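Novice: Have a look at the structure that comes next, please.
Numbering (the working numbering), first residue to last: -3 to 115.
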C-alpha cells in the first residue's frame, strides 16, 4: 500500500531529507483522514467493513493535495538546504532556520488536509 504512495513522489534527484519529509507529511495527512473515517464508521451501524487507511490513501493519491504537498515541500526544503550550507551548526541563525523549516512543514500539512467526507 505505501509503495503506491512512494511511486507518486519526487524523482531520484531529490535529497533523502526531501523524500523523508514528503512521505512523512503525506502520512500525517492520510492518517488524520483515516482516523476521521474510522471514527465515523464506528458511529454508524453498517455491516460492510471499511478500511480507513486504504480509503484515505486512495483519496490522497487522486487529490490535488498530493501534488501541492510535493511541490511546496520540495521548495521549502531546497530553500532550507541552500541556506544550511552557509551556516555553522549551533549558531542562532542555524537554529532559527531549523525552527522556520519545522513551522513551514506544519503549515504545509495543515493547508493540505483532506476534506472530511461523509461516510
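The beta-carbon is built from N, C-alpha and C at its ideal position, and this holds for glycine as well. Model, not experiment: these values are computed from the prediction.
Drop a sphere of 10 angstroms on the beta-carbon of residue 25, count the other beta-carbons inside from all chains shown, and report buried for 16 or more, exposed for fewer.
Specialist: As a first step, residue 25 is located in the chain shown; it is residue number 29 there, counting from the start. So residue 25 counts as buried.
Novice: Excluding the five sequence neighbours on either side, which residues of its own chain have a C-beta within less than 6 Å of the C-beta of residue 30, listed in chain order?
Specialist: Taking the first residue of the chain shown as position 1, residue 30 is located at position 34. Same-chain partners within the cutoff: 48, 49 and 52.
Novice: With burial defined as no fewer than 16 other Cβ atoms inside 10 Å of the residue's Cβ, what is the status of residue 3: buried or exposed?
Specialist: In the chain shown, residue 3 corresponds to position 7, counting from 1. Caution is warranted here: a pLDDT of 47 is assigned to residue 3, below 50, making its placement in the model unreliable, and no coordinate value can be reported.
Novice: Using the Cβ count rule (16 or more neighbours within 10 Å means buried), how would you classify residue 21?
Specialist: For the purposes of this step, residue 21 is taken as residue 25 along the chain shown, with counting starting at 1. With 16 or more Cβ atoms within 10 Å of its Cβ, residue 21 is classed as buried.
Novice: Since residue 72 and residue 104 should fall inside the 8 Å C-beta cutoff, what is the C-beta to C-beta distance between them, to a whole number of angstroms?
Specialist: In the chain shown, the residue the question calls residue 72 occupies position 76. In the chain shown, the residue the question calls residue 104 occupies position 108. With 8 Å as the limit, residue 72 and residue 104 qualify as a contact, their Cβ atoms being about 7 Å apart.
Novice: According to the neighbour-count rule (16 or more other Cβ atoms, all chains shown, within 10 Å of its Cβ), is residue 101 buried or exposed?
Specialist: As a position in the chain shown, residue 101 is number 105, starting the count at 1. By the neighbour-count rule (16 or more Cβ atoms within 10 Å), residue 101 is buried.
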